[in-house]
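Here the structure comes first, spelled out in structure tokens, and everything after it is commentary.
There are 2 protein chains.
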Amino acid sequence: MQPVSFSRRLRRTPFTQGVEAAGVKGYTVYNHMLLPIVFESPESDYRHLKDHVQVWDVSCERQVELVGPDAGRLMQFMTPRDLRGMKEDQCFYAPIVDAAGGMLNDPVAVKRDDNRWWISIADSDLLLWVKGLAQGLMLDVSVREPDVSPLAVQGPLAGELMARVFGDQVRDIRFFRYKVLQFGRATFVVARSGYSKQGGYEIYVEGGENGMPLWHALFEAGRDLNVRAGCPNLIERIEGGLLSYGNDVTMDDNPFECGLGKFCNLSDDVDYIGKDALRRVRDQGPKRMIRPIAIDGPAIAGPSEPWSLFSGTQRVGQITSAAWSPDFGTMVSIGMVETTHFGAGTELNVETPDGSRLAIVQDAYWT
Amino acid sequence: MQPVSFSRRLRRTPFTQGVEAAGVKGYTVYNHMLLPIVFESPESDYRHLKDHVQVWDVSCERQVELVGPDAGRLMQFMTPRDLRGMKEDQCFYAPIVDAAGGMLNDPVAVKRDDNRWWISIADSDLLLWVKGLAQGLMLDVSVREPDVSPLAVQGPLAGELMARVFGDQVRDIRFFRYKVLQFGRATFVVARSGYSKQGGYEIYVEGGENGMPLWHALFEAGRDLNVRAGCPNLIERIEGGLLSYGNDVTMDDNPFECGLGKFCNLSDDVDYIGKDALRRVRDQGPKRMIRPIAIDGPAIAGPSEPWSLFSGTQRVGQITSAAWSPDFGTMVSIGMVETTHFGAGTELNVETPDGSRLAIVQDAYWT
């Protein structure tokens with residue numbers, strides 16, 4: 088850990104004041120914005136997330152808003168996922184790829200209506216890709232980053248806390264669906280989603296001035312629920328197999344390699360950038376795939392640069408995220424492995440700063 | 088200052104090993120990559136930069152490479168700057184704007200030849216804009232981020248140090264020109280440029296494996312010159328009026344407002360995105376402009392969010408960068424001021440965390 092200094096270029100959020108009062112111990116930078124990464128410690132934040140309920144400042148999940156007659160057409164043209172039949176209360180995990188099938192982002196698309204979409208993005212300036220396409224294709228759509236900052240409520244008691252603030256109707260929201268709900272004089276998109284496997288909601292807070300009132304309301308309502316400020320937890324997200332763009336996935340990887348083949352419609356029914364490339368990948372089969380991998384031995388810090396995986400002397404992949412799991416008593420990790428060596432139970436060696444260790448490909452994530 | 092943790096998403100550079108051995112005390116994140124921000128202290132780094140010579144890891148100035156028959160056409164279509172007549176050894180500061188004239192980046196364009204360009208970018212994923220345009224316009228050009236990491240040599244003794252490593256021919260390189268020079272078995276673009284006003288060079292190091300050998304060669308050759316590891320210095324760059332994208336300039340600002348009108352060709356001779364919008368700005372005159380502003384009173388930390396400028400009770404602008412200047416004995420700053428109040432000598436009030444202070448618009452930067 089090294090200090091990062093604040094500047095306008097590393098944007099504060101509507102909730103930064105609350106995050107700091109809650110004793111944040113570190114930030115990362117994500118979409119040119121501050122993202123808290125630890126409050127007490129990764130391990131105690133993890134324990135609390137799994138047992139109670141947390142409020143996360145994930146404002147850095149910025150929105151790219153598409154508005155206009157061509158919004159739906161452009162949205163479909165950017166993703167292999169078939170968006171036909173998507174309802175006006177749905178959120179879709181929608182990989183965005185370039186002409187070579189490389190992943191540019193792995194956002195959640197939020198359909199407000201046929202002519203208005205939000206793309207809730209991972210860490211790349213997808214706004215510029217969308218603007219560039221709209222410009223080049225001369226589409227009738229306006230593209231901008233609106234004043235919308237997601238606040239996540241995650242953990243087993245998330246439903247209870249959310250019901251106290253937004254009413255019992257939150258319990259009826261299905262997974263990856265949303266309702267537009269009232270808070271004071273404001274209305275927010277409230278979705279059943281989030282970057283953890285503990286269940287919960289994401290509130291798309293429109294209007295920065297509404298941020299701290301909502302933050303305070305959640306903490307007041309949740310006092311007896313032991314609500315705390317939290318953040319995406321490295322350990323929990325690896326256990327659950329939640330990918331991190333920039334870490335586990337880059338522009339050099341295609342959706343099939345990332346295990347996202349199920350989101351790729353390769354039929355003639357939909358047309359989008361990269362379809363020809365993805366058809367070739369499907370026909371030939373991906374050469375490598377992201378896998379859950381257990382690493383033998385005691386706890387060590389995860390990789391700041393990928394750790395190479397070997398079968399004997401042959402390099403067959405790399406590990407991009409790793410952490411010690413208190414619940415599973417092992418180093419859990421996510422890596423990209425050549426398909427020749429990706430079967431469950433395959434024993435590999437991983438080169439870590441702590442030396443070579445046994446790494447065993449798993450059949451499933453740790454949930 | 089808060090800690091930032093390392094991950095693959097916050098990329099290390101070919102020089103990070105050298106930077107850490109030199110005792111870096113803090114990083115920022117720039118183009119998803121580590122950028123050192125302090126070695127001894129901002130003040131002593133500043134003093135040393137102005138008196139001696141420093142080596143800067145500015146790998147985060149990533150390149151967007153355009154290669155192909157349409158490379159030159161696309162490059163011109165993206166910038167208001169007239170690129171006709173640009174030679175194959177020239178670098179041009181070339182604002183990139185969208186259809187509304189808003190600044191998407193303020194990079195340096197490096198012409199390798201008619202069909203091959205590098206865009207040395209500020210902090211936004213310009214790669215995605217260029218790829219999106221190329222895709223939408225169906226141009227015959229490949230767009231990628233090559234393995235090129237700039238290393239800057241800055242300070243009054245930069246010429247002497249560079250001559251010792253690259254030969255006396257570096258002294259013949261003119262401002263914003265480059266030569267392709269040998270280093271061991273590698274060849275690098277070596278340009279007379281850099282993000283300081285102290286003079287110097289930027290070496291576009293191609294091939295990460297060449298990074299540390301060059302780093303070591305510079306430090307060995309410069310031992311008696313008191314060479315040190317350094318980084319862009321907040322104080323020095325404000326004194327010199329070097330703008331910071333994301334801080335002083337955003338997508339909401341156009342080139343005229345940023346004082347870059349001289350780089351905008353509005354004639355019929357060249358065609359580019361945003362020309363109509365920029366013509367309207369020229370015809371109506373910009374409503375606000377970036378100005379150097381001196382702030383009264385003792386040293387305080389610069390803004391992490393813009394400080395508002397007032398004339399009486401009327402808000403007339405904001406300050407986006409500020410620092411105490413040891414050489415000029417005042418707080419130096421950069422701000423955007425409405426043209427009704429931007430004349431040299433205009434007295435305004437600035438709201439700082441330390442209270443309201445007198446702020447005086449200057450006629451020129453502090454050089």
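As they're listed, the protein sequences go chains A and B. Throughout, the working numbering is defined as the position within the first sequence, counted from one, plus 87. Throughout, the working numbering is defined as the position within the second sequence, counted from one, plus 87. The beta carbon of each residue, even a glycine, is placed where N, CA and C say it ideally should be. Keep in mind it's a predicted model, so treat the numbers as computed, not measured.
Quick one: what's got a C-beta closer than 7 Å to G333 of chain B's C-beta in the same chain, skipping five residues either side?
D210
With 16 as the cutoff for other CB atoms within 10 Å, does N341 of chain A come out buried or exposed?
buried
Would you call the region 438-452 of chain B and the region 382-391 of chain B touching, i.e. three or more CB-CB distances under 8 Å?
yes
Which residues does DSSP pair with V443 of chain A in a beta bridge?
Here residue 443 of chain A turns out to be Ser, not Val, going by the sequence shown. Beta-bridge pairing links S443 of chain A to A:E438.
With DSSP as the reference, label S131 of chain A as helix, strand or coil.
helix
Smallest Cα separation from G449 of chain B: which of B:D441, B:M173, B:T417?
Note on residue identity: the sequence assigns Gln, not Gly, to residue 449 of chain B. Of the listed residues, the one whose Cα sits closest to Q449 of chain B is B:T417.
Compare the C-beta of N334 of chain A against all C-beta atoms of chain B and say whether one is closer than 7 Å.
yes
Going residue by residue through the region 340-404 of chain A, where are the continuous alpha helix (DSSP H) segments of at least 4 residues, counting only ones entirely within it?
362-371
Flag L445 of chain B as yes when its Cβ comes closer than 6 Å to any non-hydrogen atom of the ligand GDP, and as no otherwise.
As far as ligands go, the structure on display features none, and thus does not contain the ligand GDP.
Please report how far the alpha carbon of T131 of chain B lies from the alpha carbon of V195 of chain B, in whole angstroms.
First, the amino acid is wrong: residue 131 of chain B is Ser here, not Thr. Answer to the nearest angstrom: the Cα atoms are 29 Å apart.
Assign L170 of chain A to one of three DSSP states: helix, strand, or coil.
coil
Simplified DSSP assignment, three categories, for K198 of chain A:
strand
Which residues mark the beginning and the end of the alpha helix (DSSP H) in which E456 of chain A is found?
The shown model of chain A, from 88 to 454, leaves out residue 456 of chain A, and the question about it has no answer.
Whose CA, out of A:T103, A:R402, A:I406, A:T400, lies closest to the CA of E392 of chain A?
A:I406
Less than 7 Å between CB atoms is the rule here; does Q89 of chain A satisfy it with respect to chain B?
Residue placement at Q89 of chain A is poorly supported in this model, since its pLDDT is 44, which falls under 50; the coordinates still yield a value, given next. Chain B, which has a Cβ nearer than 7 Å to the Cβ of Q89 of chain A, makes this yes.
Rounded separation between Q89 of chain A and G113 of chain B - CA only:
Caution is warranted here: a pLDDT of 44 is assigned to Q89 of chain A, below 50, making its placement in the model unreliable, and no coordinate value can be reported.
Using a Cβ-Cβ distance under 7 Å, would T439 of chain B count as near chain A?
no
Please classify K174 of chain B as buried or exposed, where buried requires at least 16 other C-beta atoms within 10 Å of its C-beta.
exposed
For N313 of chain A, count neighbouring Cβ atoms within 10 angstroms of its own Cβ and tell me buried if that reaches 16, exposed if not.
exposed
Go ahead and label V267 of chain B buried or exposed: buried means 16 or more other beta carbons lie within 10 angstroms of its beta carbon, across all protein chains shown.
exposed
Would you list the one or two residues that DSSP bridges to F275 of chain B?
B:L268
Measure the C-alpha to C-alpha separation of R231 of chain A and E434 of chain A and round it to an integer number of angstroms.
48 Å
Applying the criterion that 16 or more other CB atoms from any shown protein chain within 10 Å of the CB defines a buried residue, is D212 of chain A buried or exposed?
buried
Check for me: the alpha helix (DSSP H) holding T103 of chain B runs from which residue to which?
103-108
For N297 of chain B, which of helix, strand or coil comes out of DSSP?
helix
Rounded straight-line distance, which links the Cα of G281 of chain B to that of I260 of chain B:
13 Å
Could you compute how far the alpha carbon of G155 of chain A sits from the alpha carbon of P233 of chain A?
15 Å
Q222 of chain A - containing beta strand (DSSP E), residue span:
That residue, Q222 of chain A, is in no beta strand (DSSP E); its alpha helix (DSSP H) goes 213-223.
Exposed or buried, R95 of chain A, counting other C-beta atoms within 10 Å across all chains shown (16 or more means buried)?
buried
On the DSSP bridge list, what partners appear for I421 of chain B?
B:P379, B:S408
Would a check of beta-carbon distances place F164 of chain B closer than 7 Å to chain A?
no
Considering only the beta carbon of each residue, do G287 of chain A and V217 of chain A sit closer than 7 Å?
no
Just to make sure I have the definition right: I need the residues of chain A whose C-beta is within less than 7 Å of the C-beta of Q269 of chain B. Which are they?
The premise fails here: Q269 of chain B is roughly 29 Å from chain A at the closest Cβ pair, so nothing lies under 7 Å.
Minimum Cβ-Cβ distance from R168 of chain B to chain A less than 7 Å:
no
Is the CB of G219 of chain B under 7 Å away from at least one CB in chain A?
yes
Taking DSSP as the reference, what is the three-state secondary structure of Q89 of chain A?
Confidence in Q89 of chain A is poor, its pLDDT being 44 and thus under 50, which makes the residue's placement too unreliable to answer from.
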